[in-house]
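The numbering of the sequence shown is my numbering, which starts it at 423 and goes up by one.
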Amino acid sequence: MSAVVCPIVGCPPANSNQQQTTTFPACPGGLYGQKNPVLQNTLKIIEIFRSLQGESLLAGLPCMFIRLAGCNLDCRWCDTSYAAKGDGAETGISQITRSVKDHGDSAVCITGGEPLLQPGTSRLAEQLLAMGLTVSVETNGSRDISVLPRGVIRVMDIKCPSSRQCGSTLSSNLPHLGMKDNIKFVIADSTDFSWAVNFVEKYELTQKSAVLFSPVILPEKGQQTRNPDILISKARQLAEWILDSGLQVRLQIQLHKMLWPECHRGK
Ligand code: SF4
């Protein structure tokens with residue numbers, strides 16, 4: 423029998439003679455992980471912290487953040503590489519929901535990394551919704567978002583050319599988005615802007631969902647910067663382009679980077 427390889431993540435099974443129904447505990451979120459009830463009850467967590475929501479239509483609201491480990495992309499300007507490349511701590515879903523409940527905020531955001539790599543994410547979202555919370559999930563758009571329960575606000579990135587991950591979006595995700603969801607373009611330069619405008623028009627995104635354009639500072643010599651002055655000047659340029667284009671999209675400045683420029687995690 424030929425070896426069965428997980429079609430989602432690409433992990434081989436522990437034993438090539440095993441059937442496709444075999445569980446594969448080391449798989450970070452693919453076919454084998456989805457069949458493993460243990461992995462559905464735990465998640466690899468980088469950090470759980472309280473802050474103001476810095477992005478999306480919920481920006482400005484106190485919010486609990488659950489940051490998950492692992493990502494399948496490698497964006498040039500990634501500002502959470504400690505999560506994208508980190509292993510995280512295996513944590514029970516009941517323990518996570520307890521931590522969120524203890525703080526008493528009404529909004530909770532599951533982020534990463536890429537949350538949809540982990541099979542327990544949907545279950546966590548379900549339980550948070552059942553607690554009466556406003557639940558958002560931030561995703562890079564390369565995984566099937568239809569696995570998320572109804573009621574979750576999907577904040578989905580579309581990767582522009584400067585990210586070097588352009589083309590990673592699953593176009594099959596677009597019909598699943600509604601007006602309560604957010605589609606986000608992170609824009610570094612005029613090439614990104616033109617590309618984003620074409621994408622928005624081609625798929626008529628403003629008819630489907632809230633569309634957010636957010637400025638980003640490209641890293642220099644591998645170093646990230648959160649300099650608020652540079653961010654404001656990039657935002658001003660982006661605002662001019664948006665106004666000139668006539669497109670009905672929202673400018674979004676990552677609030678947490680303006681408020682806490684010195685913090686590189688936990689804010
Ligand atoms: S998708 Fe997000 S977490 Fe993953 S590399 Fe890109 S910016 Fe970083």
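All C-beta atoms in this analysis are idealised placements derived from N, C-alpha and C, irrespective of residue type, glycine included.
DSSP bridge partner residues for residue i (one or two, in chain order)
i: Phe487; result: Phe471, Cys531
i: Phe621; result: Note: Phe621 sits in no beta bridge, so no partner.
i: Lys466; result: Glu512
i: Ser636; result: Val608
i: Glu642; result: Gln645
i: Leu480; result: For Leu480, which the question treats as bridged, DSSP gives no partner whatsoever.
CA nearest to the CA of residue i, picked from the options
i: Gln587; options: Arg687, Trp499, Lys689, Ile488; result: Trp499
i: Gly554; options: Pro571, Pro537, Ile654, Ala529; result: Ala529
i: Ser544; options: Leu596, Leu570, Glu642, Lys523; result: Leu570
i: Val522; options: Lys602, Ala632, Arg489, Phe621; result: Arg489
i: Lys581; options: Met680, Glu469, Leu495, Gln645; result: Leu495
i: Ser631; options: Asp509, Ala552, Met601; result: Met601
i: Glu477; options: Asn463, Ile468, Glu623, Thr533; result: Thr533
i: Ala547; options: His598, Gly563, Leu669, Arg572; result: Arg572
Own chain partners of residue i with C-beta closer than 6 Å, once the 5 adjacent residues on each side are dropped
i: Leu392; result: Because the chain spans 423 through 689 in this model, residue 392 falls outside it and cannot be assessed.
i: Ala661; result: Leu673
i: Ser531; result: Sequence inspection shows Cys at residue 531; the Ser mentioned does not correspond to that position. Correct list, in chain order: Cys485, Phe487, Ser558.
i: Leu599; result: Lys630, Ser631
CB-CB length for residue i against residue j, believed under 8 Å
i: Glu693; j: Val577; result: The structure shown has nothing for residue 693, since the chain only spans 423 to 689.
Cutoff 7 Å; reference residue i; Cβ partners in own chain excluding five residues on either side
i: Gln549; result: Ile515, Thr519
i: Ala657; result: Pro637, Leu673, Ile675
i: Asn437; result: With a pLDDT of 40 at Asn437, under the threshold of 50, the modelled position of this residue cannot be trusted; read the value that follows with caution. Closer than 7 Å at Cβ, skipping near neighbours: no residue.
i: Gln629; result: none
Counting only runs of 4+ residues fully inside the segment 486-564, write out the alpha helix (DSSP H) ranges in chain order. Every alpha helix (DSSP H) of 4 residues or more that sits fully in the segment 486-564 is shown, in chain order, as 503-506, 515-525, 543-552.
Which ranges does the alpha helix (DSSP H) cover as unbroken runs of at least 4 residues, wholly within the segment 576-629, from first to last along the chain? The qualifying runs are 612-624.
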